[in-house]
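In what follows, a single structure is set out as structure tokens and then discussed.
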Ligand code: PLP
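In our numbering, the protein residues as written are 144 to 513.
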């Protein structure tokens, strides 16, 4: 099996798994208890928060653990807006993940005003007019086509207009250097399973927690902002995976850009006609390809038959036969959009695997029998 769908999820890192196991077995003490048996859980929780904070240049108190990226996004968008009046105006891009777009739609149904910013053919937001906006939420890296937005510049614009700024950095954290202090973002969402951590755990960075309403009320966990007994094992796994990715970030980036080049060169040499979607400035390893007059889903199935896992678009949308909102937003014509697959390479992919992916695509196109 060749796994090339790392934007959907990644393999759990072996060191992360090993670090998690004691907290699933013998060290099961509730981190909120003060007796000595819980000391190791408490210590691990504290250290994981410190590790994660240091990876993005935050302070530990600015890191709030959540169950996933979707929760982090919902918490900020719905939470902050609902804690203000319905006059609050929100701006987002039209290529966000549904974890941002659907909370925005939900707020619209409650009477809030949401402005959807358009993007150019590379997927970069064209015009950041944020006058009158109270909260802007713009993704760091797009999950379908990999395009990066100029987050620091947009955040400056948002602040100049008096708006709070959130970025959904689920695809970027662990893959690109992120310095929240330098970016000056107010909120940032992340999810462990996108950077070789476990599923079902994520975090929200909040510059000032005073801007954030509590998400769940109950015990005093997460500084009183998100009640519920902490998932210590997963939090520990997330911290180990993130630190490991950041310790090797330059090596991983170089490896992934090298693999991308091999893939594109091989396809060109194989006389396959395609468009590569997204910007030059993209998340390492994300290769979105559109083939004219082809069926992306059929291509995905043929590759699956060859033992290769790729996506037809966003994994969360993979049962949806409609052209994705992202491909529509970049203005891709229907004859290309319908034949789109996303190959998202990860640090564990090899040159040999990428050659096999290219060979299989070329073979499928030569046979044209699917
Ligand atoms: N935001 C982006 C950009 C994503 O790619 C995803 C997942 O694909 C999410 C949010 C949701 O993250 P999670 O699966 O952790 O809820």
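Virtual Cβ for every residue (Gly too), placed ideally from N, Cα, C.
| Asked | Found |
| --- | --- |
| Cutting at 7 Å between CB atoms, please list the residues of its own chain near residue 358, excluding the five before and the five after it. | 218, 222, 368 and 369 |
| Could you pull the DSSP bridge partners for residue 429 from this structure? | 487 |
| Counting along the chain, where does the beta strand (DSSP E) carrying residue 257 start and finish? | 256-260 |
| State the Cα-Cα distance for the pair residue 415 and residue 289, rounded to the nearest angstrom. | 22 Å |
| Taking only heavy atoms of the ligand PLP into account, decide whether any of them is closer than 7 Å to the Cβ of residue 309. | no |
| Measuring CB to CB, does residue 475 end up less than 8 Å from residue 422? | no |
| Buried or exposed: where does residue 153 fall if 16 or more other Cβ atoms within 10 Å of its Cβ makes it buried? | buried |
| So, does the segment 148-165 touch the segment 372-391, judging by three or more C-beta pairs under 8 Å? | yes |
| For residue 329, name the three-state secondary structure that DSSP assigns. | coil |
| Would you give the residue range spanned by the alpha helix (DSSP H) that residue 168 belongs to? | Element bounds for residue 168: n/a, residue is neither H nor E. |
| Please list, following the chain, all residues that have a C-beta closer than 5 Å to any non-hydrogen atom of the ligand PLP. | 211, 212, 213, 240, 242, 286, 311, 313, 314 and 334 |
| Throw me the rounded Cβ distance for the residue 233 and residue 280 pair, which I believe falls under 8 Å. | 7 Å |
| Is it true that the segment 326-337 meets the segment 307-317, where meeting means three or more beta-carbon pairs spaced less than 8 Å apart? | yes |
| What do you get for residue 336, buried or exposed, if any count of 16 or more other CB atoms within 10 angstroms of its CB means buried? | buried |
| From what residue to what residue does the beta strand (DSSP E) around residue 215 run? | Per DSSP, residue 215 belongs to no beta strand (DSSP E); it is in the alpha helix (DSSP H), 212-217. |
| In whole angstroms, what separates the C-alpha of residue 363 from that of residue 372? | 9 Å |
| For the beta strand (DSSP E) containing residue 345, list its first residue and its last residue. | 345-349 |
| From this set, 481, 186, 490 and 334, which residue's C-alpha is nearest residue 400's C-alpha? | 490 |
| Name the two residues that bound the continuous beta strand (DSSP E) containing residue 234. | 232-236 |
| Let me know if residue 444 comes out buried or exposed under the rule of 16 or more other beta-carbons within 10 Å of its beta-carbon. | exposed |
| Taking residue 304 and residue 274 to be in contact with their CB atoms under 8 Å, please state how far apart those CB atoms are, rounded to whole angstroms. | 6 Å |
| Kindly give me the distance between the Cβ atoms of residue 487 and residue 159, rounded to whole angstroms, as I take these residues to be in contact under 8 Å. | That belief does not hold up - the Cβ atoms of residue 487 and residue 159 are roughly 20 Å apart, past 8 Å. |
| Among 250, 429 and 245, whose alpha-carbon lies nearest the alpha-carbon of residue 319? | 429 |
| Looking only at its own chain, which residues have a Cβ that is under 8 Å from the Cβ of residue 409, when we skip the five neighbours before and after it? | 497, 498, 501, 502 and 505 |
| Tell me, to the nearest whole angstrom, how far the beta carbon of residue 197 is from that of residue 345; I am working on the premise that it is less than 8 Å. | At roughly 18 Å, the Cβ-Cβ gap does not stay under 8 Å, so residue 197 and residue 345 are not in contact. |
| What is the rounded straight-line gap between the Cα of residue 287 and the Cα of residue 180? | 45 Å |
| Please report the straight-line C-alpha distance between residue 509 and residue 417, rounded to a whole angstrom. | 14 Å |
| If residue 125 and residue 145 are in contact, beta carbons under 8 Å, what's the gap, nearest whole angstrom? | The requested residue 125 is not part of the displayed model; the chain covers only 144 to 513. |
| Residue 384 and residue 339: beta carbons closer than 8 Å? | yes |
| What are the boundary residues of the beta strand (DSSP E) that includes residue 419? | 417-420 |
| Can you pull the DSSP bridge partners for residue 316? | 319 |
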